Structure formats: structure tokens, C-alpha cells
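Let me begin by presenting the structure, written as C-alpha cells, before commenting on it.
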Amino acid sequence: MKFLAARRRNPLVALGLLLFALFAVGGGYAAIANIQPAQASASSQTQVEEGKRLYLAGCSSCHGMAAQGTGNGPTLLGVGAAAVDFQVGTGRMPLAAPGAQAVAKMPSYNETQVAALAAYIASLAPGPAIPTAEDTRFENADVAQGGVLFRTNCAQCHQAAGQGGALTQGKWAPNLMQATPKQMLEAMITGPQSMPVFSDATLPLKDKQAIISYVNNLQNASSPGGLDLGRLGPVTEGLFLWTAVFAALIAAAVWIGIKAR
Amino acid sequence: MTDLTPHGNTPAKLGYSPVADVPHVLRVSDTDPAAAKRAERQIASMFLLSMFLVVVFIVAFCTIDKDTNVYIPVFGEVGFLTIVLGFTSGVSILLIGTGAIQWAKKLMPDVEVVQMRHEMTSPQDATAEAAANYERGKDESGFARYKIIRRTLIGAMALFPVPLIFLLRDLWSSPASGTLTPDEILSHTLWKKGERIVVDETYQPIRPEDLPIGGLVSAVPANLMEVQEVDGNLNARGKAAIILVRMEPQEIVAQQGDGWDYQGIVAYSKICTHVGCPIALYEHRTHHLLCPCHQSTFDLANAGAVIFGPAARNMPQLPIGVDSEGYLVAMDDFNQPIGPSFWERG
Amino acid sequence: MSTTSPVETTGAAGATYLDQRLGSNKFLARNLGKVFPDHWSFMLGEIALYSFIVVLLTGTYLTLFFKPSMVELVYDGSYVPLKGIQMSEAYSSTLDISFDVRGGLLIRQMHHWSALIFVASMTVHMFRVFFTGAFRKPRELNWILGVVLVTMGLGAGFTGYSLPDDLLSGTGLQIIRGIVQSIPVIGTWGAFLLFGGEFPGTDIISRLYPIHILLIPGLILALVTFHLLMVFTQKHTQFPGPGRTNDNVVGYPLLPVYIAKAGGFFFIVFGVIALIGGLVSINPIWIFGPYTPDQVSAGSQPDWYIGWLDGALRLMPNLESHIAGFTLSWNVLIPSVIIPGLLFTLLGAYPFIEQLVTGDKREHHLLDRPRNAPTRTALGVTAITFYLLLFIGGGNDIIAAAFNLSYNSIIWFLRISLLIIPPLMFVLTRRICLGLQRRDNAKLLHGYEAGRILRLPHGEFIEAHEPLSVKQLAVITSKNDIAPLPMPQKTDIDGVKNKRYQIENLRSKVSHFFYGENIPLPSAAEIAAGQAHVAHEAAIEAPLHAYEDADQIENFHGGVLHHPGMAPTNAAQQDER
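Residue numbers (my numbering), protein chains in the order written: chain A, 849 to 1109; chain B, 11 to 356; chain C, 70 to 646.
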């Protein structure tokens, strides 16, 4: 006790108290505010009904009671299960806050619920189905051809290394480094937000698989030349130059001029 | 100051610069022989380490496979050979430098010496002699006296570089285009009435039903592949590249010509009218086409009008229709030159 | 002479051999002891020189492997994601250097990094020369050489990074084509002559190649030689300080100190470049892919030194005029041709502009402190601010993506900032310089604040001031008080009209703009009196210092009563606590 009492006026005490308080409040909130998604009610019969129940609870305020769309959200008729799986599965929907575009975040629904929602929307009007495991297989795809297609169709928004890019008015094309093959395929088929729709007629599944193979390659690629500075091109290279490199060179110059002790 | 320090405070004599009249503090290595010895050892070990690292470089070069990767914290997965070669050679060379500088800082005299400057202007007699010699030379050459010789010489020298300028004319010799001028060549592309539109890279023809609402396709003329074979270059591609987008027909506010769309499918050039970057960044909900180079934005539902950015001209539109087999075709070439503006554009 | 080693004997014989043929001992006699002043900021030019040497060495290595041809082939090297793809030979050979030549990627990256360092260090060196007024007579010609060198550095860099024919640099070439094409009257012909026809053609890479490896480096080498020759003959400038005058050079002799330091620095710069060449990735062309005129990547930027021009293109409003059937693309001409043309012209002409407004024809070998030339410093800061705003504009989409902003807003913000912030910075900088001049004067007259607070016997608190050291006095009094040129008379005494009145009036007005606001130094007598006064005041404190170290403690104002067993001196007691 004497140890603590002797240091009660130590300036670090304030910092320590602050940190303790932050952790206590944060930890406490995390412990008690464990957001549990709603349990499936015992009375739902099929997946579609469950999906309808979830939809009415969580989506209808913006997308309409019959998914016909309102002023706040577009119609979901015809978007297909794939679109629902993509948007809800990546956490973009439900929208956290109005903004330039939906932000991918922690999904609010678990896998079963996402599947239920997707089934419900699919039941309302025909649309792209959720890709099967077979659809997203890319082991036999030509990664080089995938690169050509990626650079023709994707790089202008998502950047040559898939790091993402800016669109107008604060929108953006996301970074692809965490995207799963299923998400990539769904995005290409459904054209989420600003992304165009790449139909199988003009970009056959084989080509889409090649693109997925290429993006997968980008995700796992090594950086042959060393630290890769974000793969954003000359901007980050110039930043590194004017900070680290010049700091080192000027430090050396100053060191040379300083009189030895 | 005339007293000598252990490392030589050279007096002014025989061309050695005199010591400057500035305050001077002795270094530890000046007064303490043990410190000087330590400095000597430090410098020698730097050079020694440098030599050792060269050996490591050689070993690495000969043994590490060029395809090997290695995981290093912070760096991630990187090429092993490059990192090792760079590190060893870099530090090795760096050590030579630090050794030399430590040598200068710790062991060489750090007494500042002074040297006088001399005015840059030459002494009077030199200037006078130069002037006199010039006058003599001018007289003897007769350059001022022989007017005709002078003038014809100037004429000949002036015309001397002219052949070079003419030789540069054939930096562009234009056999393929005949007697067309650059602006005429720029004003035409491969597109013509009936030319089929095919998907870029796969050359697959397109039916209207292949393109969904909100869809985007980068497209080229069907004959591009053989034209490229014949030409042996990418010039035709650079002018003929287009994008097809589909929107609801009622969303089209304006076009560059009546009925240039086909059931809501519109075709626009892919080359920005600012300075020529290809554009395929299409936001299908807003129908905006965005150029990544300088952020020019075009509204494809409104005749390709510029709505933001430094481009001054609309994106040129290609009139399209379908042929007898139901594939999309161009109905004509563009009605204006595509790409960046130029003087003769009008 | 002490015992001679065999190396020394051979060396002496060699020197004699050369002397008999070249008369070189005269040169050695004059220059082995040549004095060079020592300051770290004088090494910035050295960084440029050394990085240029590294660029040349690594570049020569690359020429042994690179093939500057646009002929298309199918790639068959070891980089799998591009295997089987059609590409130009230039791109393919660059991939080979990166993946199939051991150490090739190291050299390629060293080459690119040292090119970036070359231009960056020239720029910083140029700032140093500008802000210290080292471009004044007799060094105006050297300044012009420097401006030409930095321009050529930009050209060397641009032609260089375009050689691999990758998607990113090829997009840059496409932009160049658009810029050339926009030039009135001759633009289309110019573009066709440059590219051998339409874009991209099959000639541009093989044309850029000799420009990049022969013409520009040759010119740079020649100009750098003259640049260094002038430094050698005119002797380097020096910062003001004790013992340093306008007529001498104080520093270290070439042999041995300067050779050791400059030579050592060469190895340091070389070593740093080799280190980052191997450890930090730059220009990974395999990710961009081979060039084709209908593909582009988001976030396409040129190398940093071209970034300001790209930014200018992005920020420029879309002005275009159509006159009598002809098009004038102001949206391209102004940012790409007119603004850089103006900037470089003003840059090159600046020494002459300043000489015109000062009428100062003396030689200057002592450097100015930036605060002593407020308008020059403010103009420099204004130009740098303008440049930096354009530079930021060049990366607006990456900034927008990284910080979740709208680049539309960024562009508008920068457009307006370009008009407001540079003039603001001008005013601010000038005010700060003048404020610093006032502070210098206060130091001269009242000494510098020593940071010690004294309480006088009657209760007043004062801050102790100390007289300036020899070095500080020399530095502060080095200021040149330049008077603005006097206003001309409309007529002379006899009533004859002054034909040059308008020009002289303008000149005088500009001179007043430059030097009208100046805080003149106090006279030498005032300074001496002030310093003496301060020294006298400082002496009052002396007994206090004696007290701190004294063995005997006396009861004194603020002293500590001494008990047996306590440490004898105040200083020792402080340590104990």
C-alpha cells in the first residue's frame, strides 16, 4: 500500500486511471452488449417463411413490405439470391448509416439467416442464384488469361493490384484482398451498388473463374522486390522517398558535419 | 595558433593554408591515446565487416534460388535473393562510407583552415591584352571590312542546320495512310455501317439480350484482330475501343443522334476526350463514366456530357443497331474525332 | 619524409610521369590543399551527384539486358501470371531482368530509387541555394545550369520509366500524346512525328531509348561538369560565422579531410540506395501488366516529380475555345505547357530579376540567412506552396480512397486553395522573417535570454541575459542591409526629361516591394554598447555561481542552512535530493 500511496501524485497515475476506465467500460459493454441475432422462432415452417420473417423485421422499412422498393431503398424484385447473399453476407446490408455507399462490416445475420433471406427474395422473382462450390472452383482456370480479363474489366475501378479505388462523390471500389471467390462471383453477377453487371453471356463463367483465379493470385502473391508499400504505385513510393529515405540521407549529412566529441 | 596537437596542427608555411582564427575545442581522440586507438579499431572493423559482407553476397548469389520467397515480419512474403543481395551489398558499401567518415571525424585534424578568395574579374592587364588581341584579330581577318564575305558566311551558317530539320520529317513516313494529314487520320476509326461489335479479348459477338440492365461490356470491332495482324500495332484498337452499357430506355435523357441506342443499349468511345486515357469506370446507378487519370466524369444517359473534371468535350457516341442475325452492329463511324482535342478539330 | 612505402614510390613516379606530359603538378600544388567549407546542407548537391553516378552505373547494367522494341511476342519466362500473354519485347525483357536475371531486380530497383533520389536531391539542393542567396553574383550562370539540370532530370526520369512499356507508364505516354496534340497549329503533326504515326505505333519505345541512355545523360554529364568546375573555380560559398568573411573560405583541406568526407558520403549514398533497392519494392511492372491503349488502372499516377503536372491537369477547369474552325484546348495547354513554362522561366530568371531590383553588383560569397531576405524567402515559400498544392492534387483519388473522402470535394478545395493559400503564405512568411529580424536586433542590443529567472533583493523577477558568443555575433551581424533603389526624377536639374523614367520608376517600385520593409541592424557602436551592458549585468550573477560550487556555506539570500552531516555545497545537496 505504501508503494501506491507514495506514488499517488505521480503524473502517470492519471494516465493509468484513464486506461483502466476505458478498458473497464469497453470490456463491460462488450460483455453485456453481445448482440445476439434473433433466434429462429419455433413456428417457422420453411426457409422461405423464415426469410420472410427476417425480411419484414429487418429490411422492409427501406425496401418495402413486398420488396418493391421505397424512397429509401431500391426494389429487390429480381435481384436474386446471389445479391442477398453478397450484400447481407458481407455485412453491407443492413445499412449502418446513410452515406456515399454501403460499407462492408461485421454481418448482422448468421449463415442460416442469410440463406433464409436469400431464399425469400429469390421466391419473389427470378434472379441470379447463389453460386455453387463448383461455380467458384478456379484451380483449372488460366490465371494469365484471368489477368488479361481483370485488367480489361476490373482494374479501372479496383486498381491493377486489387487495392481498390475512388469513385465519384465519395464512393469507392473496394479493396479485393479479403474477398472470397463466392463474393467475387456474386459481385460480378449482381453488380452491387455502382459496380456494373457482368452477365454470363458477355463474360462466361469460365472467364469469371479465370478472373477469380487471378485475384486469388494477387491475394497470395509475394512481393519479389521487398516491402511492397501498399502496391499503390508511385504515390506511396514517393511518400517513402520523401520521409524515410531523405531522413536517412540528411541524417547522414548532418552526422558528417557534426564535430566529433 | 602555433602549438601543435598530437594529430598535427600544421603551421602556415609552404602553401599549407593557415589555421583559421576561430574557436577550436580538442576532441577526445586528440588528447587521449586510448580513445584514438579505439577509434582506429572501430574504423578498421567497419572495413572488415564490409569485406565479410561481400563474401556473404557471393555465397548468396551462388546458392539462393531466384524463385525462393521468404517471410519476414513487417516485410511480408518477399523474394529471398533480392533481399539478401540488397542487404549485403548495401551495408557493405555503407560501411566503407561510415569508416571513411569516422576516420575523418575522429583521427584526421579537425582544425579549420582558411584560404583567401580572389576576385573573379581578371586583372586589368589581362583584359587589356585580350582586348588588344581581339582588335588585332578582327583587323587581320578583315571580318568587318569584307561586307559581302561576312554576309554570305552568315547566310551559309544559318542554312547549315536546315537539312537536319528536313531529315526529321520522315520520323513519320505515312505509306499506309497515303496522303492523309494527321487530323484526317485522327478523325476516322475502324467502325463503319454493319461492323459487328464483339467483346474485347474474347471477340465474341453480342446480342442485345446478352446485356442486362446495368451491364457494361468493353468492346471492339469484329475485324480488329485481323487488322492488328496486318498493321502489326495497336493503333486501330486505340481508336476503336468502345464500351456498351445498358439502361432502361426511359432513363436516356439525350443522345448525340436520334435512335443511336438500341433498346436502351448505348455505345460510347472508350477514350477520354481530355488527354486520351481509356475510360471504363462506369457507375451504373448514376450512369456516370469516370476517367481515373484526371477525374473527368461523363453522363452516358445525357449524350455523354461532361459533368465534372477537365474534359471539355462530350464522349463521342457510336450509333448502333442489330444486323439480320440479331447481333449488335455499328450503324456508322463516330461523327467526330474520338479522343483528345486538336487544333484542326473545328 | 618518413619511410616511403612501395605504393607511395609508385605513386610518386606516376605523378612525375603525368607531370612531364600534362604539367599536372601545378594543378596538384594549387588544389591538394584547397579549402572547402563544411555544412551539412552543402551535401545536398553531393547527394544529387552521387545518386546520378549510381543511376549511370546501374543503368549501364540494365542496357545489357533490356530490349527497347515494341515487337509483340508471347511471354515465356518464369513469372506465371503473365505466361502465355502477348506483350512487347520491351516489357518482356524487363520481366526477364526482374525474374530471370539474378540480381536483376536489385539493380532495376536501385536504378529507379536512385533516379527518384536524384531529382529529389536536386530539388532540395535548389531550395538551399535559393533560400541562402547562393545564386547571386558570380554564380548566376551556375544557377541557370542547375535549372536546366533539374529539367533534364525530369526528362530522364520520364523517358526512363516509360521504357518498360507497362500499363502505368504507357498511360503516361498516352497523356503526353494528348498534350502534344493539343498544341496549336503544329500539335497533330508533332504527335505523329514523335510517335511515328498514330498512338501507340511501334516506334516510341525505341526512340525514347537513345534519348534516355545517350542524349540526356550526355547532356547532364556535360552540364554537371561545368556546374562543378564553376564551384571549383569560384570556390564554394559559406555560412557567416567567426573568422568567415566575404573574401575567404574557412573549412577543411581537400586532402585528406574533404576527400575522406565526400568520398565517404558517396559510399553512404550508394549503400543506402543498394539497401532500399533490395529491401523496398518499387515499380512492380508485373502487376500493372503490358501496355495496351484500351486498358487502365485506377489510381494511375506518374512518378513523384511529374505529380505536380498531373495535379495541374486534374485541377484545371474544362476551358476550351473554338475560333474560326480551330480548337484551343486551354484545359490541356495551361496546366501542361503554360504553367510549367512560366515556372521554369521565372526560376531561371530569378537571379537576374533580383539583381535588377537591388542594383547590387558586388560578389557575394557569404550566404544570406533566409530571414534577412524576407521577400525572396516569401516568394520561394509561395512557389513551393503552389507546387505542393498541385502535387497533392495529383494524388487526389488515392487520398480520397485512403481517407474515405470525395475527390470531387478535394478537387474543389484545392482549386480554391491554389488561389488563396499561396498569397497567404507569402504574407505570413514575410511577417515571420521580419519578426525574426526584430528578435535578432533585440539579441544584439540586449543579449540572449538565458532561461534563468533571478529574484532581485527588492522582489522583482528578471530573466538573466547573456552576451552573445563570438559565433552568434558573427552570424547575426552578417546581414546585408540593402536599401531599395531610389525613385527616379522625372527631369534632371537642367529640366531635361528623363527618357528612362517609366522603366526606372517600375524598377524602383519593385525594389521597394522587395526591400522596402527591412529592420536595419543597429550601428556597430550600439551593438558594442548593448553587449557590454549585458555582460555587466551578467557579472552580477557571478557570485551566485561561486556560491553553488563553494566549499564553505554562508547564510546568504536563499541559501540553505547547513547542519552537520549535510553535503557541503548547494550543488551536492541538490544531487542528494
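Think of the CB as a built atom: it goes at the ideal place given N, C-alpha and C, for glycine as much as any other residue.
Model, not experiment: these values are computed from the prediction.
Beta carbon proximity, V227(B) to chain A, threshold 9 Å:
Counted from its first residue, the second sequence places residue 227(B) at position 217. Yes, contact with chain A.
Between the region 340–354 of chain B and chain C, which residues of the former have CB atoms less than 9 Å from a CB of the latter, in chain order?
G349, P350, S351, F352, W353 and E354
Taking C-beta to C-beta, are S231(C) and L277(C) nearer than 9 Å?
By 1-based counting over the third sequence, the position of residue 231(C) is 162. By 1-based counting over the third sequence, the position of residue 277(C) is 208. Closer than 9 Å, so yes.
For the ligand ZN, any of its heavy atoms closer than 8 Å to the Cβ of T294(C)?
Absence of the ligand ZN from the depicted structure is noted, as is the absence of any ligand whatsoever, leaving it without description.
Helix, strand or coil for G947(A) per DSSP?
Taking the first residue of the first sequence as position 1, residue 947(A) is located at position 99. Reduced to three states, the DSSP call for G947(A) is coil.
Any Cβ of chain B within less than 9 Å of the Cβ of P885(A)?
Residue mapping note: residue 885(A) aligns to position 37 of the first sequence, counting from 1. A caution first: P885(A) carries a pLDDT of 46, below 50, which makes its placement in the model too unreliable to give a value.
Please go through the same chain and pick out, in chain order, the residues whose beta-carbon is closer than 7 Å to the beta-carbon of E258(B), but skip the five residues on each side of it.
On the second sequence, position 248 is the one that residue 258(B) refers to. Cβ within range, chain order: I223 and G274.
Chain A partners of N79(B), CB-CB under 7 Å?
As a working mapping, residue 79(B) is identified with position 69 in the second sequence. Going along chain A in sequence order, the residues near N79(B) (Cβ under 7 Å) are S1070.
Do I461(C) and L483(C) have their C-beta atoms within less than 9 Å of each other?
Residue numbering aside, residue 461(C) sits at position 392 when the third sequence is read from its first letter. Residue numbering aside, residue 483(C) sits at position 414 when the third sequence is read from its first letter. Yes, they are a contact pair.
For S337(C) versus G107(B), is the C-beta spacing smaller than 9 Å?
The sequence position of residue 337(C) within the third sequence is 268, counting from 1. The sequence position of residue 107(B) within the second sequence is 97, counting from 1. Note on identity: in this sequence residue 337(C) is Ile, with Ser being the wrong assignment. Yes; because the gap between Cβ atoms is below 9 Å, this pair is in contact.
Residues bridged to D271(B) [DSSP beta-bridge criterion]:
On the second sequence, residue 271(B) is found 261 positions in, with the first residue counted as 1. The partner list for D271(B) (beta bridge, DSSP) is empty, contrary to what the question assumes.
For a cutoff of 9 Å on Cβ pairs, would you count S889(A) as touching chain B?
In the first sequence, counting from the first residue as 1, residue 889(A) sits at position 41. Only weak support is given to the placement of S889(A): the predicted model assigns it a pLDDT of 42, under 50, and the question is left unresolved by the model.
Use the C-beta contact count for P885(A): other C-beta atoms within 10 angstroms, 16 or more gives buried, fewer gives exposed.
As a first step, residue 885(A) must be located in the first sequence, where it is residue number 37. Below a pLDDT of 50, predicted positions are generally treated as unreliable, and P885(A), at 46, falls in that range; no measurement from the model is reported.
May I ask you to list the residues that DSSP assigns as paired with V253(B)?
Locating residue 253(B) in the second sequence gives position 243, where the first residue counts as 1. The sequence shown places Ile at residue 253(B), rather than the Val named in the question. DSSP output for I253(B) lists S228(B) and Y278(B) as bridge partner(s).
Would you list the residues sitting across from M156(C) in a DSSP beta bridge?
Looking up residue 156(C) in the third sequence gives position 87. For M156(C), which the question treats as bridged, DSSP gives the partners L142(C).
For G599(C), which residues in the same chain have their Cβ closer than 8 Å to its Cβ, ignoring the five residues on either side in sequence?
Here residue 599(C) is taken as the residue at index 530 of the third sequence, counted from 1. Within the same chain, G599(C) has close Cβ partners L513, L514, H515, G516 and P591.
Which residues of the region 301–334 of chain B have a Cβ closer than 9 Å to any Cβ of chain C? Give them in chain order.
C301, P302, C303, H304, Q305, S306, T307, V316, F318, G319, P320, A321, A322 and R323
Between the region 365–379 of chain C and chain A, which residues of the former have CB atoms less than 8 Å from a CB of the latter, in chain order?
V365, S366, A367, G368, S369, Q370, P371, D372, W373 and G376
To which residues does DSSP link W1020(A) through a beta bridge?
For the purposes of this step, residue 1020(A) is taken as the residue at position 172 of the first sequence. In the DSSP output, where bridge partners are listed per residue, W1020(A) has A1014(A).
R295(B): contacting residues in chain A (beta-carbon distance under 8 Å)
Taking the first residue of the second sequence as 1, we reach residue 295(B) at position 285. Chain A residues near R295(B): Q1041 and S1042.
How far does the beta strand (DSSP E) with Q125(B) in it extend, from its first residue to its last?
On the second sequence, position 115 is the one that residue 125(B) refers to. Run containing Q125(B): V123 to M126, per the beta strand (DSSP E) assignment.
Are P362(C) and Q243(C) close, meaning C-beta to C-beta below 9 Å?
In the third sequence, the residue the question calls residue 362(C) occupies position 293. In the third sequence, the residue the question calls residue 243(C) occupies position 174. Result yes, Cβ atoms of P362(C) and Q243(C) sit closer than 9 Å.
Evaluate the contact criterion for the region 222–240 of chain C versus the region 353–369 of chain C: three or more CB pairs, one atom per stretch, below 8 Å.
yes
State yes or no: is the beta carbon of V143(C) nearer than 9 Å to at least one beta carbon in chain B?
Mapped onto the third sequence, residue 143(C) falls at position 74. No, its Cβ sits nowhere closer than 9 Å to a Cβ of chain B.
CB L1097(A) to CB V341(C), shorter than 9 Å?
Position 249 of the first sequence holds residue 1097(A). Position 272 of the third sequence holds residue 341(C). Yes, the Cβ-Cβ distance between L1097(A) and V341(C) is below 9 Å.
How would you list, in chain order, the residues of chain B whose beta-carbon sits under 7 Å from the beta-carbon of R940(A)?
Start at 1 with the first residue of the first sequence, and residue 940(A) comes out as number 92. Result: empty, since nearest Cβ-Cβ is about 14 Å, beyond 7 Å.
Determine the extent of the beta strand (DSSP E) in which A315(B) is found, giving its start and end residues.
Residue 315(B) sits at position 305 when you count from the first residue of the second sequence. Start and end: A315 to F318.
State the beta-bridge partners of D234(C) as determined by DSSP.
Looking up residue 234(C) in the third sequence gives position 165. According to DSSP, D234(C) bridges with nothing at all.
Step through the CB atoms of chain C and report whether any lies within less than 9 Å of the CB of S892(A).
Locating residue 892(A) in the first sequence gives position 44, where the first residue counts as 1. Residue confidence is low: S892(A) scores 46 on pLDDT, short of 50, so the model does not pin down where it sits. Its coordinate-derived value is still stated next. So no, S892(A) is outside the interface.
Between the region 302–310 of chain C and the region 538–553 of chain C, do three or more beta carbon pairs fall short of 8 Å?
yes
Should L113(C) be flagged as near chain A, meaning a C-beta pair shorter than 9 Å?
Here residue 113(C) refers to the residue found at position 44 when the third sequence is read from its first residue. Closer than 9 Å: yes.
Supposed close pair S648(C), E141(C) - CB separation, criterion 8 Å
This structure cannot settle anything about residue 648(C), because the visible part of chain C is limited to 70 through 646.
Taking Cβ to Cβ, would you say V426(C) is nearer than 9 Å to R576(C)?
Indexing the third sequence from 1 puts residue 426(C) at position 357. Indexing the third sequence from 1 puts residue 576(C) at position 507. Closer than 9 Å, so yes.
Starting from the beta carbon of R1109(A), find every residue of chain B whose beta carbon is closer than 7 Å, and list them in chain order.
Locating residue 1109(A) in the first sequence gives position 261, counting from the first residue. In chain order: R37 and V38.
Could you have a look at T10(B) and say whether DSSP puts it in helix, strand or coil?
For residue 10(B) there is no data in the structure shown, the boundaries of chain B being 11 and 356.
Could you give the uninterrupted runs of the alpha helix (DSSP H) lying entirely in the region 331–398 of chain C, keeping only those of 4 residues or more?
354–357 and 376–384
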